């Protein structure tokens with residue numbers, strides 16, 4: 002183990018910072034306008050750097066949203082994170098929005114934050130629901146490791162694929178969940194299957210099948226597996242869809 | 004010379020366990036295991052007793068909160084926010100309405116602001132006390148568990164007097180609170196604030212210099228500041244690694260910038276530092292509560308905004324207009340303008356935010372929870388790698404996870 006061990010555990014181990022500098026810190030936003038207001042300066046920097054890749058931007062309730070071309074998101078994020086004038090070192094959230102509208106595109110949303118400059122930026126890209134555009138965006142996992150589970154959840158709930166994610170599996174739902182992607186608007190609240198179908202599936206599942214495909218490949222215990230898992234493994238299944 | 008050494012190595016290798024080398028074992032912890040703090044399942048690949056690899060599994064509690072929220076009016080979602088991070092239920096209630104109020108464009112009253120600060124800091128105390136108690140149990144100390152749970156019970160009594168419920172408080176409404184604090188409540192809180200630091204000192208004496216505690220926590224699960232940021236850790240997890248980021252200071256809400264409190268920041272980013280940071284946060288919460296009690300102004304709790312606030316009951320039952328108003332607010336629900344908003348707060352676990360997208364109807368198009376312990380937990384494979392199996396329990400405890408929030 003290479004972890005550093007504290008030499009004197011009795012010594013005060015932490016520093017108290019920001020004591021007595023109330024003027025140095027920002028204040029609670031009051032009377033935030035619905036639309037308009039000063040945009041995040043990073044938008045202009047992005048336009049200067051990437052040009053037409055950056056689409057429109059809007060300021061709503063104090064937060065700036067900038068639209069980025071679908072295939073270029075990871076590139077833009079990598080620059081925002083590494084450039085010292087931007088320094089977006091923190092990824093807050095990755096999620097998606099589907100509107101109650103058959104035409105309006107699905108939006109993938111990244112909430113990123115610069116702790117150094119105290120800035121917040123919402124990056125969006127649009128995926129049209131024309132049936133031709135693939136539901137796929139580049140993964141920002143190489144930029145922020147925190148994107149790992151957030152992207153997996155987004156895939157799990159919306160079916161959006163994140164190209165370049167090392168291990169894009171379902172996370173909150175089980176691996177062979179067959180009903181689709183629950184947060185899509187065409188997914189009914191009670192699920193796609195009837196109660197009797199759900200019961201049938203539950204009863205048919207093998208409770209002995211406890212390990213995921215990945216773990217089995219680690220364990221190399223193929224011979225000890227229940228038959229249905231061996232079948233799934235033989236079929237090369239990785240993600241339950 | 005070379006030959007001699009070869010022979011020696013061969014002999015010693017033979018003398019140990021010849022066939023064991025290179026064979027890793029796969030073991031499974033949870034989901035039904037008290038030390039995983041809920042239904043977390045960890046699959047560990049072990050080399051002897053050392054963790055080579057950890058694969059976490061979550062989702063056993065998934066109940067689709069975000070989907071349900073798309074079918075509910077804003078006030079109707081508030082009970083769901085109790086049930087995700089159930090140790091911070093008041094804090095979640097407040098976080099939810101802060102986001103919703105930004106979306107509606109509502110400015111809350113001064114008394115409500117201070118009451119909400121009190122609610123948030125009380126739930127921070129609850130959450131950190133539960134963390135301390137359960138972590139002590141995990142590591143083998145029983146007494147601080149009893150002390151911290153006793154104090155937690157006192158806070159629950161206060162919350163019960165205010166909202167009627169201990170755990171699932173649902174204490175806020177868009178534009179205000181469910182109720183003002185009852186008579187005598189403030190004195191009850193003062194009494195708690197007098198007693199509580201003593202208990203904290205006792206726990207401190209039991210743990211901070213305790214050789215077993217130090218031995219079981221120092222140097223475990225170390226995250227460097229860069230790693231902690233890159234993995235998206237937040238809250239005490241991030242600050243223990245030495246990154247000074249607290250939403251209350253950096254992106255303040257509820258006038259937190261006017262309170263005099265400090266943000267503890269660790270240096271080593273190990274389990275011990277996380278303990279120190281959380282203990283110090285408890286003390287700072289007490290400071291904030293004392294200041295909040297001092298400044299608690301008189302006046303109304305709810306805003307005077309008929310878009311969201313129900314008319315008084317006696318008017319709703321006696322005047323036609325008020326009755327219609329009441330009916331429309333309950334049946335149709337308040338409608339925010341089209342827009343979207345993400346308001347983060349500093350929950351005991353870290354940066355928690357609710358992201359709302361509204362299309363102008365009374366139900367959100369998208370209600371997203373940014374779960375801090377979900378993101379914090381995603382770093383556990385990195386943290387436990389190379390540590391012993393028994394240390395996995397301590398590291399997992401230090402993350403302070405609540406499965407209700409992770410699975411939602």
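Protein chains in written order, with our numbering: chain F, 2 to 242; chain S, 4 to 411. Cβ atoms here follow ideal geometry from the backbone N, Cα and C, with glycine treated the same way. Quick caveat: nothing in here was measured; it's all calculated off a predicted structure.
{"Check": "Residue 231 (chain S) - containing alpha helix (DSSP H), residue span", "Outcome": "228–233"}
{"Check": "Identified DSSP bridge partners for residue 111 (chain F)", "Outcome": "F:95 and F:124"}
{"Check": "N- and C-terminal bounds of the beta strand (DSSP E) containing residue 209 (chain S)", "Outcome": "First-last for residue 209 (chain S): 188–210, but that is the alpha helix (DSSP H), not the beta strand (DSSP E)."}
{"Check": "Min CB distance residue 23 (chain F) to chain S below 8 Å", "Outcome": "With a pLDDT of 45 at residue 23 (chain F), under the threshold of 50, the modelled position of this residue cannot be trusted; read the value that follows with caution. Output row for residue 23 (chain F): interface = yes."}
{"Check": "Residue range of the alpha helix (DSSP H) that includes residue 43 (chain F)", "Outcome": "43–51"}
{"Check": "Cβ-Cβ separation, residue 158 (chain S) to residue 128 (chain S) (assumed contact under 8 Å), whole Å", "Outcome": "6 Å"}
{"Check": "Residue 185 (chain S) at chain F interface by Cβ criterion, 8 Å", "Outcome": "no"}
{"Check": "Range of the contiguous beta strand (DSSP E) that encloses residue 345 (chain S)", "Outcome": "342–350"}
{"Check": "The stretch 339–351 of chain S / the stretch 30–47 of chain S touching (three or more Cβ pairs under 8 Å)", "Outcome": "no"}
{"Check": "Collapsed DSSP secondary structure at residue 68 (chain F) in the structure displayed", "Outcome": "strand"}
{"Check": "Residues from the stretch 250–272 of chain S in contact with chain F, defined by Cβ distance under 8 Å", "Outcome": "252, 253, 254, 255, 256, 257, 258, 259, 260, 261, 263, 265, 266, 267, 268, 269, 270 and 271"}
{"Check": "Chain-ordered neighbours of residue 354 (chain S) on chain F, where CB pairs are closer than 8 Å", "Outcome": "93"}
{"Check": "N- and C-terminal bounds of the alpha helix (DSSP H) containing residue 84 (chain F)", "Outcome": "No alpha helix (DSSP H) contains residue 84 (chain F), which DSSP labels as neither H nor E."}
{"Check": "Beta-carbon contacts of residue 58 (chain F) that lie in its chain and below 8 Å, excluding the five residues immediately before and after", "Outcome": "40, 44, 65, 66, 67 and 68"}
{"Check": "Residue span of the alpha helix (DSSP H) that contains residue 379 (chain S), given as start and end", "Outcome": "375–380"}
{"Check": "Short Cβ contact (8 Å threshold) for residue 378 (chain S) with residue 147 (chain F)", "Outcome": "yes"}
{"Check": "Residue 22 (chain F) - DSSP class collapsed to helix/strand/coil", "Outcome": "At residue 22 (chain F) the pLDDT is 44, less than 50, meaning the model places this residue with poor confidence and gives no usable figure here."}
{"Check": "Residue 112 (chain F) classed as buried or exposed, judged by whether at least 16 other C-beta atoms fall within 10 angstroms", "Outcome": "buried"}
{"Check": "Amino acids of chain S, ordered along the chain, whose beta-carbon sits closer than 7 Å to that of residue 35 (chain F)", "Outcome": "108, 340 and 342"}
{"Check": "Interface residues of chain F facing residue 74 (chain S) [CB-CB closer than 9 Å]", "Outcome": "190"}
{"Check": "Residue 355 (chain S), DSSP secondary structure in three states", "Outcome": "strand"}
{"Check": "Spatial distance of residue 22 (chain F) from residue 242 (chain S) (CA atoms)", "Outcome": "Bear in mind that the predicted position of residue 22 (chain F) carries a pLDDT of just 44, short of 50, making it unreliable; the figure below should be weighed with that in mind. Going by the C-alpha atoms only, they are around 19 Å apart."}
{"Check": "Residue 147 (chain F) at chain S interface by Cβ criterion, 8 Å", "Outcome": "yes"}
{"Check": "Distance between residue 81 (chain S) and residue 118 (chain S) (C-alpha atoms, nearest Å)", "Outcome": "17 Å"}
{"Check": "CB contact below 8 Å: residue 44 (chain F) versus chain B", "Outcome": "Annotation note: the requested chain B is absent from the structure, which comprises protein chains F and S."}
{"Check": "Identity of the residues DSSP links to residue 45 (chain S) by a beta bridge", "Outcome": "S:32 and S:59"}
{"Check": "Span separating the alpha-carbon of residue 206 (chain F) from that of residue 71 (chain S)", "Outcome": "27 Å"}
{"Check": "Selected residue, minimal CA-CA separation from residue 161 (chain S), among S:194, S:383 and S:110", "Outcome": "S:194"}
{"Check": "8 Å Cβ cutoff, residue 28 (chain F) in contact with chain S", "Outcome": "yes"}
{"Check": "Cβ separation of residue 280 (chain S) and residue 177 (chain S), assumed to be a contact under 8 Å, to the nearest whole Å", "Outcome": "Actually they are not in contact, since the Cβ atoms of residue 280 (chain S) and residue 177 (chain S) sit about 33 Å apart, beyond 8 Å."}
{"Check": "Which of helix, strand or coil DSSP assigns to residue 159 (chain F)", "Outcome": "helix"}
{"Check": "Chain S residues whose Cβ lies nearer than 8 Å to that of residue 90 (chain F)", "Outcome": "232 and 233"}
{"Check": "Exposure label - residue 163 (chain F); buried when at least 16 CB within 10 Å", "Outcome": "buried"}
{"Check": "Residue 111 (chain S) and residue 179 (chain S) closer than 8 Å at C-beta", "Outcome": "yes"}
{"Check": "Under 8 Å from the C-beta of residue 305 (chain F): neighbouring residues of chain S", "Outcome": "There is simply no residue 305 (chain F) to check, as chain F begins at 2 and stops at 242 in what is shown."}
{"Check": "Contact set between residue 183 (chain F) and chain S, taken where Cβ atoms lie within less than 7 Å", "Outcome": "67 and 70"}
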